[in-house]
Structures are given as structure tokens and as C-alpha cells.
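Here's the structure we're looking at; comments come further down.
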Amino acid sequence: MAATPEHDAGTPAGGRVGPAAGPLVEVRAISKHFGGVHALADVSVAFGHGTVHGLVGENGAGKSTLAKAIGGVHQPNAGEILVDDVPVRFSSPRDALERGIALIAQEIALVPDATVEENIFLGVEPRRAGMVNRVALRRAYRELEERVGFGLPAGQTVGRMRVADRQKVEIMRALARHARMILMDEPTAALTADETERLLDVVRMLSAEGTTIVLVSHYLDEVLAVSETVTVMRDARVVRTGPASAETAQTLVSAMVGREVDLTYPPKALVPDAPVVLEARGLCRGSAVRDVSFAVRAGEIVGLAGLVGAGRTETARLLFGADRLDEGQILLDGEPVHLHRPLDAIRHGIAMVPESRKDEGLLLLRSIRENITLATLSEHSRAGFVLRGSEERRARALFERLDVRSTGTEATVGSLSGGNQQKVLFARWLARTPRLLIVDEPTRGVDVAAKGEIHRLLVELAAGGLALIVISSEIEEVLGLVHRTLALREGRVVGEFGPDAEREHVLHACFGQVQELSA
Amino acid sequence: MTMRARARDLGIVFFFVAIFVVLSVSTNTFLRQENLLNILDQSSELLVLTAAITVCIVAGIFDLSIASTATVAAIATAGGVNVAGWPGGIVAGLGAGAALGLFNGLAIGFTKVNSFIGTLATSFAFKGFAIVISGGSVVAIKDLDDRAALANLFTGRFLGAKGVVFFALAFVVVVGVILARSVFGRHVYAVGGNAEAARLSGIRVMKVQTLCYVLSGLAAGLAGIFYAGRYGSGASNSFSDTYAFQAIAAAVVGGTSIFGGAGAVWRAVVGVLILALIGNGFNLLGIDPTYQLAAQGVLIFAAVAGDQYLRGR
Chain A
2 MAATPEHDAG
12 TPAGGRVGPA
22 AGPLVEVRAI
32 SKHFGGVHAL
42 ADVSVAFGHG
52 TVHGLVGENG
62 AGKSTLAKAI
72 GGVHQPNAGE
82 ILVDDVPVRF
92 SSPRDALERG
102 IALIAQEIAL
112 VPDATVEENI
122 FLGVEPRRAG
132 MVNRVALRRA
142 YRELEERVGF
152 GLPAGQTVGR
162 MRVADRQKVE
172 IMRALARHAR
182 MILMDEPTAA
192 LTADETERLL
202 DVVRMLSAEG
212 TTIVLVSHYL
222 DEVLAVSETV
232 TVMRDARVVR
242 TGPASAETAQ
252 TLVSAMVGRE
262 VDLTYPPKAL
272 VPDAPVVLEA
282 RGLCRGSAVR
292 DVSFAVRAGE
302 IVGLAGLVGA
312 GRTETARLLF
322 GADRLDEGQI
332 LLDGEPVHLH
342 RPLDAIRHGI
352 AMVPESRKDE
362 GLLLLRSIRE
372 NITLATLSEH
382 SRAGFVLRGS
392 EERRARALFE
402 RLDVRSTGTE
412 ATVGSLSGGN
422 QQKVLFARWL
432 ARTPRLLIVD
442 EPTRGVDVAA
452 KGEIHRLLVE
462 LAAGGLALIV
472 ISSEIEEVLG
482 LVHRTLALRE
492 GRVVGEFGPD
502 AEREHVLHAC
512 FGQVQELSA
Chain B
84 MTMRARARDL
94 GIVFFFVAIF
104 VVLSVSTNTF
114 LRQENLLNIL
124 DQSSELLVLT
134 AAITVCIVAG
144 IFDLSIASTA
154 TVAAIATAGG
164 VNVAGWPGGI
174 VAGLGAGAAL
184 GLFNGLAIGF
194 TKVNSFIGTL
204 ATSFAFKGFA
214 IVISGGSVVA
224 IKDLDDRAAL
234 ANLFTGRFLG
244 AKGVVFFALA
254 FVVVVGVILA
264 RSVFGRHVYA
274 VGGNAEAARL
284 SGIRVMKVQT
294 LCYVLSGLAA
304 GLAGIFYAGR
314 YGSGASNSFS
324 DTYAFQAIAA
334 AVVGGTSIFG
344 GAGAVWRAVV
354 GVLILALIGN
364 GFNLLGIDPT
374 YQLAAQGVLI
384 FAAVAGDQYL
394 RGR
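Just so you know, the protein sequences line up as chains A and B, in that order. Under the working numbering, think of the first position of the first sequence as 2, with each following residue one higher. Under the working numbering, think of the first position of the second sequence as 84, with each following residue one higher.
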């Protein structure tokens, strides 16, 4: 696709291109490698004054590395970075900040025990005789707060605030240092839909005030909604930089993946008139899960929709025996079961792919083989010792069935991409042929191609008679896959929807009365 | 990742071989059979303890109580011999070790106290228990025949080496095979690598960790029996508290990760031998022993720093 000259930054030697005012920041032919791995290869991009510039690409495409190179975290091995047409060399984020460039990384870096205003002015506190001038600090905070209107309590300790609020603190901290460019790396990853919407409003406001925003994000719709310019990266290189108005989610994905990708969901098999596998009756746990009842039939895919904290994951953990029930009953094939620990659930044929594969799922230092057979090792043992041949055959069969991309079953799981790691987790449970599979955020942090494969796998498993519960923060994913959706809010089931439910209706139920949607 | 793992494997073995070669050429006493056998003899207790501690560390737990447990076991062995003859002493020593290990496992498992602090606390308690059951004095094996039988079993020579060496090596091999090849061993790696993932895969984390404590208790029991065999007695000062730290240090020097989830028993053997060779080298070369501790300290520090670097933390 042809980029207009205003937005084309693909000429490293070209100096000023397009409009009279040169770019605020320009990177020219920078490369960065970690060991033998190229994270950036000959990357050139120009970032204009006061624009919102989206940066998209699959996991490992180099977009975070580019943001970190501009923000002073990584030092490029070759090429140069120019600020106001002057070559600069940042050896730390502090250097970048002195030139007005602030990076808000995925890992938020605040002092948890300090207050909002202390964090914002950390290191640049108004002082008098070496002591922090508290009155001036509060005044400076008020001025900043008037500008952004976040409404954060100045004296609150940051450690106990929500991620969305901590991000606002980071943004204010950047502004307190007179940042002219703010690089945001996946700022909405941990936000709910309404928080995301508000963050995007802030992005628009800052841009209108003249601050340049670089938005690194997986969520293409967000990027398209706020960006003027979009740069697509693939395999450490820039594919193209162009106006956002000329792109759609489909064109971006094709550029990211390098080929046409089918973004549609596999067709749903007919809802079968099959026996009920699982029935939950009045499940309660603290304030997280309140009187949740539903049933899942064999071959049926039931989706749990809701905001973060609505009780979706908590309900799943109760069904898997990972947490204890306060009240309620779980029935399998009509028989009540008591699940004291995950082992009990597993013995009853229940499996769960947990929300966070790194924290709850995988042994990152161990091989693919060991991760696949972790829950079924006793089937490959005699007198307490592992039968390697039998174990390897099973691991290899599942490795091939799920098309895990790796050098082999002996590769460490930590070396795999997110999508392949997720496939290994699926393989672990398919080794058992469960009757009920619960998947919590099955495609979070998974690249587009693997996402489609996982969707097809889920539909195929259901068609084979497996009962499935799908939890996802992506409402489209839930609606695209399931036969039936349950909307949860504040621990309760607040709505039930059929296979062709309208997105708006489900969202309405999830958000409750205070609904503000911008589709 | 795999290249880094290989670097860690080869690095430590290369280091061991290097020390071995340096000592072989710089002294004319090092390679003598009696010197080498002496090194093994003196390392027997530490080999046994380090093998078990390695399993604990891989499972994500520490056991600082092994010296106190070994002390109780030495007293129990001597007392047991006096009651039921030398076989009874061996049963009493192993039984005492296993029982205290089980106590550690249940106490820490149910209270969820951090294992480092929890076993530090029980190490004091077990030491106190040792003083109580020994009455604060040496418990000697009274029957001279039993004493001779035990001494013969552990310090009598076979193919030039003392009995303790064979028992220690047998224990190390068994523990090594269990960790590397058994279902339990796999579960140990899983629990230490990611306890929540292990639990959600149906592994009973507390059961696995409790068994690890029982194993380190058994190792301490074996060390206690060695002591009773060597000296014909047990007392509340049989094992110095530093034994637990030496075992942890040797495990780490061998390349077992202090963060859990990665390590091996052969590394324990290499770690113990490296520390022993350094000690032996200082003796043979006539260097001030003060520097020996400093050198070992530097080595332990370097081992942990290297582990962190290779893990990319």
C-alpha cells in the first residue's frame, strides 16, 4: 500500500520529508540484537509533533523494543535517533526524559508505598533548603490535575490503586517532567472496556494539547480509533507506515502476519440435545461469586462474559476445585460431587486452562514433553518410575496434533511464543480426554494465526462431545464461539443469551445500568 | 535457553576438572590414593546431606534443621544401640531423622510458614530436644561388641575406602535416580518450578514437599548414624549448625538453582567435591586456612550470581 509523503518515513537518508515542521523524533535505520536474535533490523520511523502514532505487530515483531529504544531503555547497535533533528544517544530512560521523552512500560514502575503526588513528582519535587516543599508540591499537583482532570486523590498510596489509576499516575508523572512524547506500551492490556475508553479520551486530549503519543497495542480497533498514523512491524522490521484512515483491522492483520488471515470464527455446530454434563447450583464464594447457577451439556460451548472482577474466573476456579465453595452444589451427570482440590476435579474428568499460563499453567524451565504429561504422568509409569518411551510417544502425538511450532518436544516451554505455550497447555488436558474443559482467556497474548487455530480446536472439541466453558474479556471471542452466553456482574448471573446474541445487549448486561458505549 | 543450560552444565564440570588438574600438577601428594580416599571419607556426611537438600531446593523449600536433626539422630543411634543392639541403633537413627523431617513437613505445610524461617526455628527446637534426650552429656555406646560392629560397618575399609563412602555414594545414587526418573521426582520439579501450576495439574503440593522434608530427615538420620559409627557415641554437639549452610552452598555451587524448579543430584556431588578440593588444596599447598573460607565464599557468591545471570533475572 502506498503511503502518502506526509507519513512516509521510509527514507533514512532523506532528512526532512513532507510538511515544514520536521518530526519531533525520528529513528533512522536502527538495529538492535540480543545475542543472536534481531529485535530491530534497519528500522526507520518519524513521529510528528502532537500526533497519535500507533505501533502494531505480532508478539516478538519488535514494537516494544522500538518503544524502549526511543525511551532510552535499550541502546541500538546501529543507526541513530534524532530529537528535533539533533542526533541523540540515550544511555538510560532518565536521559530520554531530559529530552522530553517518557516511556510508560508494561511493567508499571511506581513506588508502591508512596502517595500519588509523591510518585508524580519523585525526583523533581519543589524544594526549599533541601527539604520537599509540601505546599508547593500540592499546588503543582493541583495545576497538573486541572489540566488532565483524572480526579485522583493526591494523598492516596499508589500500591493499593487499580492498574488503570496507576497508569494515570504514570501519565501525570510524565507530564510533570514536561514530556513532549509519551510512549505507551500496551496501556490497555489490563483495563476493562470502559477504562480503556477513558484512557483513549486522555490520549486524544494530550495529543490535542501538542503531546506526541506513541501507542503500542495488540488491540487494533483501539489503535485505529485514536491514531493518525500507524506503523506495522513484522520480524523486527517496519512493514509500512501510513495514515490510519487508510487501514482496517483486516489490512493491519494481513500486514502483521504477512499473508491473508481469516479473522472469522469457525461455524458453530448445531446445539445438540445432549445430556447435561455439569450443573452448578447456587454457587457462592465470598463476595466474588453469589448464587451462580447454570448447566452445560455435552458438546455445548457456554461463554462467561463480564468485566474483570465480575466473578468469571472465580466461578471457574470453584468448578475446578481450585477454591472452596462457601455454599452451593456441583453436579456431574446429575450426581453431586465434592471438589476439595483440583485433583478431585481432574479425577472427575474436569480440566481447566487457567487465566495466566505463566503464573498458573506452565513450568517455563522444563521441556514441552514434561509440561504436556504433567497431569497424566502416572499413566506413563511403572512402580513409581517414568516410562520415557511411553511418555515421549504421547507427548509427540499431542505436539503434532496441536501443531506446536518448535524444534521438538525437548525444547523448553519458556522459549516458545505465547500461542505455542497455550497449545502446550491444551495438550496437557487433551492427554486426559476430559468431559468438561474450562478455558479462561484462551487466546490472551496469543498471535493472530494461533488464535484462529485455538478457536478451531475448541469448536472441534465441542463437536466431539466435550462440554466447554469459555471465559474471555474479548466479547467478540465469546460471541463468536459459544452456543450460549452468561453475563456476569458483581458475582451474579445477570443475563443469558443465545448463539446469535447482539454484542450491545451482552455488554449492556455486563456493565449494568451505567452503560456508556462507543462502538 | 538450551545453550545457556548447557553452558551451566559444562561450566561447572570444567571448573571441577580444572581444580583437579591444577592440584594434580602443583602438588605431588594430591593424586595419592590415600589423599583422594580421605577427601571422600571426610565428605561423606556432606554428600548425603547435600543430595537431600538439593531435592528440597528443587522443590522450592529449604531445610536448615538438618544439622540439628543429624545431632538428634546420632544420639538416638547411640541410645538405640544400648537398648536393642547395633541394628536397633540404625533403625532408631533413621527413624528419628524421618520423624523430625515429617514434623517439619507437617508443621510448615499446615501453617504455610516460610520454609527458611520455619526450619531455622525447628533447628533450634531440635537442638534443644537433643540436649534434653542426651541429658547434656555424651551418650556412649556401652556394649563394646556393638560399638565395634558399627565402627566396622562404617569405618572398616573395603577396596581401600571406608564404609561411610559406600553408604554415602549408594544414598546419593538412589536419591539421584528418584529425582531424575521417578514420578515423585517430576513432581518435585513441578512444585518448585511453579507451585500453583502443579496444584492446578492435580499434584498435591504439600504432600510432595512433606516427602522432601522426610527425605532430608532420612539423610540427616544417615549422617547421625555415620557419626555414631565413627565415634561410638552421640552428643548434642555432634553436628555444627554450619552443616545446613554448607550443604546449601555446595548444592548451589554445583549449579542447582536457589529459586527452585531446576537442579540435579549429580550437581550436589560436584558441588561438594569442589568445596572439598579447595579445602584440600589449601592444606596441601600450605596456604593460610583463613583464605580458604574467603575463597569458598567468593565461589558461592559467584555461583549464585552466575545462576541469576543465566536465568536472565
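A virtual CB, placed ideally from N, CA and C, is assigned to each residue, including glycine.
Counting only Cβ-Cβ distances below 9 Å, S379 (chain A) has contacts in chain B at V266, in chain order. Between the alpha carbons of L123 (chain B) and A237 (chain A) lies a gap of roughly 54 Å. By a beta-carbon distance limit of 8 Å, F48 (chain A) does not contact T316 (chain A). Their separation comes to about 44 Å. The beta carbon of Y326 (chain B) is closer than 6 Å to those of A150 in its chain, skipping five residues each way along the sequence. A check of alpha carbon separations from V381 (chain B) across B:L298, B:I361 and B:F237 identifies B:I361 as the nearest. Residue environment analysis places V166 (chain B) among the exposed positions, since fewer than 16 neighbouring C-beta atoms fall within 10 angstroms of its C-beta.
Residues of chain A with a Cβ closer than 9 Å to the Cβ of Y272 (chain B) are, in chain order, L364, L366, R367 and E371. For G420 (chain A), there are no neighbours in chain B by C-beta distance under 8 Å, as the nearest C-beta there is about 18 Å away. Look at S284 (chain B): its C-beta is under 8 Å from a C-beta on chain A. The C-alpha of V155 (chain B) lies about 32 Å from the C-alpha of A378 (chain B). Comparing C-alpha distances from E491 (chain A) to each of A:G80, A:I183, A:L153 and A:G312 shows the shortest one belongs to A:G312.
For T325 (chain B), the enclosing alpha helix (DSSP H) begins and ends at T325 to V336. In the structure shown, T410 (chain A) falls within a coil segment according to DSSP collapsed to helix, strand and coil. One Cα belongs to M353 (chain A), the other to G285 (chain B), and the distance between them is close to 11 Å. For I347 (chain A), the chain B residues whose Cβ falls inside 7 Å of its Cβ are G285, in order along the chain. Boundaries of the beta strand (DSSP E) around A281 (chain A): V277 to R286.
Cβ contact annotation for G73 (chain A) (same chain, cutoff 8 Å, sequence separation greater than five): F91, S92, S93, P94, R95, D96, A97, L98, I102 and L104, in chain order.
Within chain A, no C-beta atom comes nearer than 9 Å to that of G192 (chain B); the closest sits roughly 14 Å away. Taking 8 Å as the CB threshold, A376 (chain A) lines the interface with chain B. Using a 10 angstroms sphere on the CB of R370 (chain A), the tally of other CB atoms reaches 16 or more, which defines it as buried.
DSSP, reduced to helix, strand and coil, places G55 (chain A) within a strand of the structure shown.
By the neighbour-count definition (other C-beta atoms within 10 Å, threshold 16), M257 (chain A) is a buried residue. Separation of T152 (chain B) and A175 (chain B) (C-alpha to C-alpha, rounded to the nearest whole angstrom) is 13 Å. In the structure shown, the three-state DSSP call for E497 (chain A) is strand. For D441 (chain A), no Cβ of chain B is located within less than 8 Å of the residue's own Cβ. Between the segment 248-255 of chain A and the segment 299-314 of chain A, the count of C-beta pairs closer than 8 Å stays below three; the two stretches do not touch. Taking C-beta atoms as the reference points, V239 (chain A) and V44 (chain A) count as a pair closer than 8 Å. Going by C-alpha positions, F321 (chain A) is about 12 Å away from A281 (chain A).
In the three-state reduction of the DSSP assignment, S418 (chain A) falls in the coil class. Contact between L462 (chain A) and L438 (chain A) holds: CB atoms are separated by about 7 Å, below the 8 Å threshold. For P343 (chain A), the neighbours in chain B by C-beta distance under 8 Å run, in chain order, R282, L283, S284 and G285. No beta strand (DSSP E) of 3 residues or more sits fully in the segment 99-179 of chain B. Between G80 (chain A) and S32 (chain A), the beta carbon gap of about 6 Å places them in contact (Cβ cut-off 8 Å). Counting the other CB atoms within 10 Å of its CB gives M182 (chain A) a total of 16 or more, which places it among the buried residues. E229 (chain A) is a Cβ neighbour of V53 (chain A), given a cutoff of 8 Å. The beta carbon of E279 (chain B) falls within 8 Å of a beta carbon belonging to chain A, placing the residue at that interface.
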